[in-house]
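Q: One structure, as structure tokens, below. Some questions next.
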Amino acid sequence: MLDRLYDWPAGDWQRCSSCQCVLHRTTWARSHGVCPACEKTRRLSAAERIAQLADADSFTERLAGLRSTDPLEFTDSVPYKARLRKARTATDASEAVVIGTARVGGKPVVLLVMDFGFLGGSMGVVVGEKVVAAADLAVERGEPLVAVSCSGGARMQEGMYSLLQVTRACDAIRRLNDANVPYVSVLTDPVYGGVAASFASLGDVILAETATRSGFAGPRVIAQALGERLPADFQTAEFLHTHGHVDLVVPRPSLPEVLDRVLTCLTGRPVPGSMPLPGVTGLPEAPAGATPDRQGSAWDAVRLARHPARPNVFDHVAGIFDDFVELHGDRHTGDDPAVVGGLARWGEVGFVVLGHAKEHDPVRAGERNFGMPHPSGFRKATRLLRLAGRLGLPVVTFVDTPGAYAGRRAEEGNQSGAIAETLLTASGVPVPLVSVVIGEGGSGGALALAAGDALLAMDNSYFSVISPEGCAAILHGDASRAPEAAEALRLRATDLHAAGLVDQLVPEPDGGAQTDPAAAVRLVKAALRTCLAEFGTLRPEALLTRRDHRLRSRGASADAVRTEQ
13 MLDRLYDWPA
23 GDWQRCSSCQ
33 CVLHRTTWAR
43 SHGVCPACEK
53 TRRLSAAERI
63 AQLADADSFT
73 ERLAGLRSTD
83 PLEFTDSVPY
93 KARLRKARTA
103 TDASEAVVIG
113 TARVGGKPVV
123 LLVMDFGFLG
133 GSMGVVVGEK
143 VVAAADLAVE
153 RGEPLVAVSC
163 SGGARMQEGM
173 YSLLQVTRAC
183 DAIRRLNDAN
193 VPYVSVLTDP
203 VYGGVAASFA
213 SLGDVILAET
223 ATRSGFAGPR
233 VIAQALGERL
243 PADFQTAEFL
253 HTHGHVDLVV
263 PRPSLPEVLD
273 RVLTCLTGRP
283 VPGSMPLPGV
293 TGLPEAPAGA
303 TPDRQGSAWD
313 AVRLARHPAR
323 PNVFDHVAGI
333 FDDFVELHGD
343 RHTGDDPAVV
353 GGLARWGEVG
363 FVVLGHAKEH
373 DPVRAGERNF
383 GMPHPSGFRK
393 ATRLLRLAGR
403 LGLPVVTFVD
413 TPGAYAGRRA
423 EEGNQSGAIA
433 ETLLTASGVP
443 VPLVSVVIGE
453 GGSGGALALA
463 AGDALLAMDN
473 SYFSVISPEG
483 CAAILHGDAS
493 RAPEAAEALR
503 LRATDLHAAG
513 LVDQLVPEPD
523 GGAQTDPAAA
533 VRLVKAALRT
543 CLAEFGTLRP
553 EALLTRRDHR
563 LRSRGASADA
573 VRTEQ
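In terms of our numbering, the sequence shown opens at residue 13 and continues consecutively.
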């Protein structure tokens, strides 16, 4: 069936293979291969994809003269050289990939685009050479690499030469990473074999176009070789997203906008020694903070911290940052909805933002496991912390969880190891890292997102080694004694601040943040701005030295240690 752009015979009128609608060639071009009637997409050539993504007249091709040879003198039903000649004629391209410099949303990038029409986008020596050259060019120019993949895998006609391009491509991306240059990988249908097992899967951010299929081995090979029955959505973009392999699934019409937003955040690293953030307006003239003499009991603080109308991470992110692109997945097993993370922009500065995800609606709260992360949630946080450190993006985390999930599935996924790895990464990330307790601070699950340069806490929040109910059940054998346990634990933000365990209290509106969520968010924003401005003046070495001292000394209280005489 004719369902790809390059399959169509010459002519001005072309029929959609899905709905049979007949449209003029110019209509297909304007829609970038999306049928206006049924929205089915057709594969784009490299030239058409560049036209969709790059700013007009901004693309300059590099290495256009490279041509594949025939190192094995390979012949199947047709000599390899004849296949190459036919592919060049059919696509008007020299090879299965085009590279060059361009601008996307006004930002300079190095662009790499594959063309499935050229021998199925297979990766031979020339494709590998161009991938290496594109990565090296991005390093040389200090500009992000954007790679659009569309490939059936390695090129069999070049044998082992083809296979070795997989290692060459991975090594090229390693050099890109070492140079701290951003890399965005875009998957388009299909991406398999050596391309999927190399540069296509190594992006700092991986976007998958809707209707894309991707994997190491194709479903037909798996079914025939292993006899496995595969689910209907196997290796689809949605399958990849569910299993944590890609950050976002993006419809083709939205791809330029999403790519522009991602690149804006990734390239918004502040100059070391400064943090130019816009001011905060609309603050209460005299915010009524919950000082120790005015605050209620410890149990009152717990109840206010858990109030369903209290502003959650989504409210804070929307009210503090100018843009936010949520990223998904730990790149291994799944995407945990209990942890939200992604790229944000505050003024001209890019950020990585992390937080425990609670919802105001009870049903949606249950879908996010009430903010209690699985191991994949902490591994997602670790991945984004490493990205922030490599690209020089400051980090803000929002703490609000009853604790890490403690079920069987979490233990099977090594919950303890996942938390430890997040804490280890946070302690050494060479960018400002500021945490705000906006509600509950439940044990190690909260601590994983709270180890950095400063810990701020809203007045009616709490932080504890265990929930009051858990403490009461273990020590008293009666969970109903939770209010008593809360008092004994001294878990209120005000108690922790007085003990030197919280760096700064953030005042709340009278009666708690839930009475005026917008004002509460502005107060957090003001506190964050002040704190980030202070740490933004420090060079990475000084920042890490200060953080190391803080983490060494915080909790090493003279009241808790005694030397025998």
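We put the CB at the ideal spot given by N, CA and C, even for glycine.
1) Rounded to the nearest angstrom, what separates SER30 and ALA525 at their Cα positions?
2) If you draw a straight line from the alpha carbon of LEU563 to that of GLU433, how long is it in whole angstroms?
3) Inspect the beta-carbon positions of GLY133 and ALA166 and report whether they are closer than 8 Å.
4) Pair every Cβ in the region 72-80 with every Cβ in the region 109-123, then say whether three or more of these pairs are closer than 8 Å.
5) TRP358: buried (16+ other C-beta within 10 angstroms of its C-beta) or exposed?
6) Throw me the rounded Cβ distance for the ARG541 and LEU289 pair, which I believe falls under 8 Å.
7) Mind checking ASP259: buried by the 16 CB within 10 Å criterion, or exposed?
8) Starting from PRO282, trace the beta strand (DSSP E) both ways and give me its first and last residue.
9) Who are the Cβ neighbours of ASN192 in its own chain at under 8 Å, not counting the five residues just before and after it?
10) Could you tell me the distance, in whole angstroms, from the CA atom of GLU360 to the CA atom of THR87?
11) Reducing DSSP to helix, strand and coil, say where MET470 ends up.
12) Quick check for students: name the residue ranges of the alpha helix (DSSP H) that lie wholly in the region 480-509, counting only runs of 4 or more.
13) By how many angstroms is the C-alpha of GLY346 removed from the C-alpha of SER479?
14) Among the candidates GLY362, PHE547 and GLY512, whose CA atom is the shortest distance from the CA of PRO444?
15) Is the Cβ-Cβ distance between GLY353 and ARG281 less than 8 Å?
16) Given this structure, state the Cα-to-Cα distance separating VAL48 from LEU459, to the nearest angstrom.
17) Using the beta-carbon count (16 or more within 10 Å), is MET172 buried or exposed?
18) Taking the continuous alpha helix (DSSP H) assigned at LYS119, which residues delimit it?
19) What span of residues does the beta strand (DSSP E) with GLN516 cover, start to end?
20) Would you mind stating whether GLU520 and ALA532 have Cβ atoms separated by less than 8 Å?
21) Does ARG232 come out as helix, strand or coil in the three-state DSSP assignment?
22) Check whether the Cβ atoms of GLY129 and GLU170 sit closer than 8 Å, and answer yes or no.
23) In terms of residues, what are the limits of the alpha helix (DSSP H) holding ARG74?
24) By how many angstroms is the C-alpha of VAL477 removed from the C-alpha of THR200?
25) How is the beta strand (DSSP E) around ILE450 delimited, first residue to last?
26) Quick check on the DSSP output: what are the complete alpha helix (DSSP H) runs of length 4 or more inside the region 179-251, in order along the chain?
27) Pull the bridge partners of PHE363 from the DSSP assignment, please.
28) What residue does the beta strand (DSSP E) around HIS36 start on, and which one ends it?
29) For GLN26, report the span of its beta strand (DSSP E) as first-last.
30) What does MET384 pair with, by DSSP beta-bridge criteria?
31) Please confirm if the region 92-99 is in contact with the region 224-232, defined as three or more CB-CB distances below 8 Å between the two stretches.
32) Would GLY453 and TYR474 qualify as a contact pair, given that the criterion is a beta-carbon distance under 8 Å?
33) Across which residues does DSSP place ARG115 in a beta bridge pair?
34) Give me the residue from GLU424, GLY429, ARG264 and VAL292 with the minimum Cα distance to ALA545.
35) Identify the continuous alpha helix (DSSP H) that holds ALA159 and give its terminal residues.
36) For VAL233, collect the residues of the same chain with a Cβ closer than 6 Å to its Cβ; drop the 5 residues on either side in sequence, then sort them by chain order.
A: Let me spell this out:
1) Counting from 1 along the sequence shown, the entry for residue 30 is found at position 18. Counting from 1 along the sequence shown, the entry for residue 525 is found at position 513. Roughly 52 Å between the two C-alpha positions.
2) In the sequence shown, counting from the first residue as 1, residue 563 sits at position 551. In the sequence shown, counting from the first residue as 1, residue 433 sits at position 421. For LEU563 and GLU433, the distance between alpha carbons rounds to 16 Å.
3) Your numbering for residue 133 matches position 121 in the sequence shown. Your numbering for residue 166 matches position 154 in the sequence shown. No; because the gap between Cβ atoms is not below 8 Å, this pair is not in contact.
4) yes
5) Within the sequence shown, numbered from 1, the residue matching residue 358 stands at position 346. Of the other Cβ atoms in all chains shown, 16 or more fall within 10 Å of the Cβ of TRP358; this residue is therefore buried.
6) Locating residue 541 in the sequence shown gives position 529, where the first residue counts as 1. Locating residue 289 in the sequence shown gives position 277, where the first residue counts as 1. With 8 Å as the limit, ARG541 and LEU289 qualify as a contact, their Cβ atoms being about 5 Å apart.
7) Working through the sequence shown from its first residue, we reach residue 259 at position 247. The residue in question, ASP259, is buried, as its Cβ has 16 or more Cβ neighbours within 10 Å.
8) Walking along the sequence shown from the start, residue 282 turns up at place 270. Counted as a single uninterrupted DSSP element, the stretch harbouring PRO282 is not any beta strand (DSSP E), since DSSP gives it neither H nor E.
9) Sequence index remark: in the sequence shown, residue 192 carries index 180 (1-based). Counting only Cβ-Cβ distances below 8 Å, and skipping sequence neighbours, we find ARG402, LEU403 and GLY404.
10) Within the sequence shown, the letter at position 348 stands for residue 360. Within the sequence shown, the letter at position 75 stands for residue 87. Roughly 56 Å between the two C-alpha positions.
11) The residue labelled residue 470 in the question sits at position 458 within the sequence shown. Strand, per DSSP.
12) 480-487 and 494-501
13) What you label residue 479 is simply residue 467 of the sequence shown in a count that begins at 1. What you label residue 346 is simply residue 334 of the sequence shown in a count that begins at 1. Using only the alpha carbons, I get a separation of about 27 Å.
14) In the sequence shown, residue 444 corresponds to position 432, counting from 1. With distances taken between Cα atoms, PRO444 lies closest to PHE547.
15) The residue labelled residue 353 in the question sits at position 341 within the sequence shown. The residue labelled residue 281 in the question sits at position 269 within the sequence shown. Against a cut-off of 8 Å, the Cβ pair of ARG281 and GLY353 comes out as no contact.
16) One-based indexing of the sequence shown puts residue 48 at position 36. One-based indexing of the sequence shown puts residue 459 at position 447. A quick correction: the sequence has Pro, not Val, at residue 48. Rounded to the nearest angstrom, the two C-alpha atoms are 50 Å apart.
17) Here residue 172 corresponds to residue number 160 of the sequence shown, with the count starting at 1. It is exposed - the Cβ of MET172 has fewer than 16 other Cβ atoms within 10 Å.
18) The count along the sequence shown starts at 1 and reaches residue 119 at position 107. Segment 119-126 is the beta strand (DSSP E) holding LYS119; no alpha helix (DSSP H) there.
19) Start at 1 with the first residue of the sequence shown, and residue 516 comes out as number 504. It spans 516-518 - the beta strand (DSSP E) in which GLN516 sits, taken as one unbroken run.
20) On the sequence shown, position 508 is the one that residue 520 refers to. On the sequence shown, position 520 is the one that residue 532 refers to. For GLU520 and ALA532, yes; Cβs fall inside 8 Å.
21) One-based indexing of the sequence shown puts residue 232 at position 220. Note: ARG232 maps to helix in three-state DSSP.
22) Here the question's residue 129 lines up with position 117 in the sequence shown. Here the question's residue 170 lines up with position 158 in the sequence shown. For GLY129 and GLU170, no; Cβs fall outside 8 Å.
23) As a position in the sequence shown, residue 74 is number 62, starting the count at 1. For ARG74, there is no enclosing alpha helix (DSSP H); the residue is part of the beta strand (DSSP E) that begins and ends at 72-74.
24) Within the sequence shown, residue 200 is the residue found at index 188, counting from 1. Within the sequence shown, residue 477 is the residue found at index 465, counting from 1. Their backbone Cα atoms lie some 46 Å apart in a straight line.
25) The count along the sequence shown starts at 1 and reaches residue 450 at position 438. Taken as a continuous stretch (DSSP letters only), the beta strand (DSSP E) holding ILE450 covers 445-454.
26) 205-208 and 231-238
27) The residue given as residue 363 occupies position 351 in the sequence shown. According to DSSP, PHE363 bridges with ALA356.
28) As a working note, residue 36 is residue 24 in the sequence shown. That run of the beta strand (DSSP E) goes 34-36.
29) Sequence index remark: in the sequence shown, residue 26 carries index 14 (1-based). For GLN26, the enclosing beta strand (DSSP E) has its first and last residue at 25-27.
30) Counted from its first residue, the sequence shown places residue 384 at position 372. MET384 is not bridged to any residue.
31) no
32) Here residue 453 refers to the residue found at position 441 of the sequence shown. Here residue 474 refers to the residue found at position 462 of the sequence shown. In this structure, GLY453 sits near TYR474, with a CB-CB distance shorter than 8 Å.
33) One-based indexing of the sequence shown puts residue 115 at position 103. Answer by DSSP bridge pairing, in chain order: PRO120.
34) Reading the sequence shown from its first residue, position 533 is the one you call residue 545. Nearest of GLU424, GLY429, ARG264 and VAL292 to ALA545, Cα basis: VAL292.
35) Locating residue 159 in the sequence shown gives position 147, counting from the first residue. No alpha helix (DSSP H) contains ALA159, which is instead part of the beta strand (DSSP E) from 157-163.
36) Counting from 1 along the sequence shown, the entry for residue 233 is found at position 221. Hits under 6 Å: none found.
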